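Mind the numbering: the sequence shown is residues 0 to 200 in numbering that gives the first Met the number 0, read in order.
For glycine and all other residues, C-beta sits at the position ideal for the given N, C-alpha and C.
Fair warning: this is a prediction, and the values are worked out from it, not measured in the lab.
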Amino acid sequence: MRTRFFLIASLLLTGTSPALANESTYTDLDTDHCKTIGPEKEEGGGITLLCKGLEDYPVTFKEGDLRQSVFFGKLGKAYTEGAFETFGPFNHVGRKIEWRIDGDVPVATILRWFIENSDPDTGMPTKALRGQVLVVSKVAQADGIGCIAGYVDALSNPEPNVLARQVADEIAPGFECAVDEAVFHGKRGEKASTPMRNFPR
0 MRTRFFLIAS
10 LLLTGTSPAL
20 ANESTYTDLD
30 TDHCKTIGPE
40 KEEGGGITLL
50 CKGLEDYPVT
60 FKEGDLRQSV
70 FFGKLGKAYT
80 EGAFETFGPF
90 NHVGRKIEWR
100 IDGDVPVATI
110 LRWFIENSDP
120 DTGMPTKALR
130 GQVLVVSKVA
140 QADGIGCIAG
150 YVDALSNPEP
160 NVLARQVADE
170 IAPGFECAVD
180 EAVFHGKRGE
190 KASTPMRNFP
200 R
């Protein structure tokens with residue numbers, strides 16, 4: 000799997016970065032007012048919702064086995080039905096979506112995920128072990144392909160939103176889903192957990 004990790008790493012080490020021309024706008028993820036477009040064909044059941052996003056760029060929300068997956072933009076049928084990106088432990092996403100706009104085109108999003116890590120002694124999730132990860136996603140365009148392009152541990156970095164925007168602007172637009180590997184950028188703590196992903200073949 001190819002990765003663009005070294006680009007961000009070199010920028011962080013040198014302390015320099017290109018000027019960010021992209022701008023941010025925000026929308027809310029309101030799953031109570033979404034259209035149900037299909038169940039998941041996986042054990043444990045699940046659901047797929049089509050939700051309002053930014054103008055003509057909707058949000059595809061999936062949930063199965065107490066794990067969530069979110070895609071953005073004009074997602075094609077293959078990815079709508081066959082893609083699922085999440086984390087190993089139970090998890091849920093935040094409700095505020097940050098869209099990074101290049102000109103008039105949303106090219107990436109940033110969404111906070113909450114990871115319900117379990118206490119090894121009890122096997123139950125605890126608030127003390129809950130992780131928070133900013134997930135940067137590539138917005139699907141006319142090709143119908145969108146996916147997660149990178150991760151930032153929101154609890155282990157002093158300015159996680161700044162780093163996430165850098166990943167969104169520099170990595171996400173050219174990221175090749177199911178070819179490139181989405182990795183953590185910056186520091187990664189133990190609460191960040193391990194991503195899980197499945198793409199259509």
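Residue range 22-27 is occupied by the beta strand (DSSP E) that includes Thr24. Annotated three-state conformation of Glu189 is helix, per DSSP. The C-beta distance from Leu65 to Cys50 rounds to 19 Å, too long to fall under 8 Å, and the pair is not in contact. The three-state reading of DSSP puts Gln67 in strand, counting E and B together. Look at Gly173 here: in three-state DSSP terms it is helix.
Measuring C-alpha to C-alpha distances from Asp168 to each of Gly130, Asp142, Lys190, Val104 identifies Val104 as the nearest. Note that the stretch 114-129 does not touch the stretch 140-151; fewer than 3 beta-carbon pairs, one per stretch, sit closer than 8 Å. Secondary structure remark: continuous alpha helix (DSSP H) runs of at least 4 residues inside the stretch 66-149, in chain order: 76-81.
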